[in-house]
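Under the numbering used here, think of the first position of the sequence shown as 635, with each following residue one higher.
For every residue, glycine included, the Cβ atom is placed at its ideal position computed from N, Cα and C.
Comments concern the structure below.
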Amino acid sequence: MDKNLTTKERLIQAASVIFAEKGYRDTTVAEICDAAGANIAAVNYHFGDKSNLYCQVWEYLFEQSAAKYPLPTDLIETDPEAWLRHFIRSRVEQIFDTDIHHRLPQLLHREMGEPTEMHESLFEKYLQPSHQRVSKAIRLLIGPGISENQLKLAHLNFMSLHIFLNVGHQKNKTNCQCRHRLPSTENPAELARQVEAFAIGGLLATRDLIHNTGNLS
635 MDKNLTTKER LIQAASVIFA EKGYRDTTVA EICDAAGANI AAVNYHFGDK
685 SNLYCQVWEY LFEQSAAKYP LPTDLIETDP EAWLRHFIRS RVEQIFDTDI
735 HHRLPQLLHR EMGEPTEMHE SLFEKYLQPS HQRVSKAIRL LIGPGISENQ
785 LKLAHLNFMS LHIFLNVGHQ KNKTNCQCRH RLPSTENPAE LARQVEAFAI
835 GGLLATRDLI HNTGNLS
């Protein structure tokens, strides 16, 4: 770890790795301080308690994600298909990133599987805005004829692709017996392109179905 970082920064970086790998409940303040090369009292001094540090880790990882995988919000209005392509592709690429950025999908998997007491507030602050933007882009792509129920279903189908891929990757990446169930990750960019094509193809087919028959209610 970079010794030029402040103690607070080292604690956040160390906690990002350990929380992502072990989850909130199985992570101790002592091991975070040890990994950060900090005094055992450092977490309480800088953050108050473990839960506040956990929230800081979320903020840190989302900031890192936004820096490398920015989402141009102006495209939602001007070219919703391009925005959705960018969104799904970047989400898949991040799952298989090799630096700090893959810790966010890993942390999300942990939080979804073992919700903490901060779950609702974290979802509202960090995840709900992107879900709302996805829904807006889908509505614009499909057109005004889409009902609320159709929109919810299209949103679910679109989002489930990268969420399921992340779940499978996190659960089986160290399990040699189960790795064969998942697609090869040797070329993450190609995998992302295939998921993108499938996701957008599904939305365009949904648009045709709604416009031609009004079904999918």
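Under 9 Å between C-beta atoms of residue i and residue j
{"i": "arginine 719", "j": "valine 651", "result": "no"}
{"i": "leucine 790", "j": "alanine 833", "result": "no"}
{"i": "cysteine 689", "j": "leucine 756", "result": "yes"}
{"i": "leucine 837", "j": "alanine 788", "result": "yes"}
{"i": "isoleucine 734", "j": "proline 822", "result": "no"}
{"i": "valine 726", "j": "alanine 654", "result": "no"}
{"i": "phenylalanine 792", "j": "isoleucine 772", "result": "yes"}
{"i": "arginine 767", "j": "leucine 705", "result": "yes"}
{"i": "proline 714", "j": "lysine 786", "result": "no"}
{"i": "serine 724", "j": "tyrosine 694", "result": "no"}
{"i": "isoleucine 666", "j": "valine 829", "result": "no"}
Spatial neighbours of residue i in its chain, beta-carbon cut-off 6 Å, leaving aside the 5 residues before and after
{"i": "threonine 750", "result": "Tyr658"}
Residue burial classification, residue i (beta-carbon count within 10 angstroms, cutoff 16)
{"i": "asparagine 800", "result": "buried"}
{"i": "glutamine 784", "result": "buried"}
{"i": "proline 778", "result": "exposed"}
{"i": "alanine 831", "result": "exposed"}
{"i": "glutamate 754", "result": "exposed"}
{"i": "proline 763", "result": "exposed"}
{"i": "glutamine 740", "result": "buried"}
{"i": "glutamate 748", "result": "exposed"}
{"i": "threonine 840", "result": "buried"}
{"i": "isoleucine 745", "result": "Sequence check: residue 745 is glutamate here, not isoleucine. Glutamate 745 comes out buried."}
{"i": "threonine 707", "result": "exposed"}
{"i": "threonine 662", "result": "exposed"}
Span of the alpha helix (DSSP H), counted from its first residue to its last, around residue i
{"i": "aspartate 842", "result": "822-847"}
{"i": "histidine 789", "result": "782-806"}
{"i": "glycine 747", "result": "737-747"}
{"i": "tyrosine 688", "result": "684-702"}
{"i": "phenylalanine 653", "result": "641-656"}
{"i": "aspartate 708", "result": "708-712"}
{"i": "leucine 774", "result": "762-776"}
{"i": "isoleucine 666", "result": "663-670"}
{"i": "asparagine 678", "result": "676-681"}
{"i": "leucine 756", "result": "753-756"}
Inter-residue CB distance, residue i and residue j (contact presumed, cutoff 8 Å)
{"i": "alanine 664", "j": "alanine 648", "result": "With 8 Å as the limit, alanine 664 and alanine 648 do not qualify as a contact, their Cβ atoms being about 12 Å apart."}
{"i": "histidine 743", "j": "glutamine 698", "result": "With a Cβ gap of about 17 Å, histidine 743 and glutamine 698 do not count as contacting."}
{"i": "leucine 645", "j": "alanine 675", "result": "Rounded, the Cβ-Cβ distance is 11 Å, inconsistent with contact."}
{"i": "alanine 672", "j": "threonine 641", "result": "5 Å"}
Neighbourhood of residue i by C-beta distance below 8 Å, restricted to the same chain and skipping five residues each side
{"i": "phenylalanine 696", "result": "Leu738 and Tyr760"}
{"i": "alanine 716", "result": "Leu709"}
{"i": "histidine 765", "result": "His789 and Met793"}
The ligand FMN heavy atom lying under 8 Å from the CB of residue i
{"i": "histidine 736", "result": "Of ligands this structure carries none, so the ligand FMN is not represented either."}
7 Å CB neighbourhood of residue i in its chain, flanking five on each side removed
{"i": "methionine 752", "result": "Ser685, Tyr688 and Cys689"}
{"i": "glutamate 820", "result": "none"}
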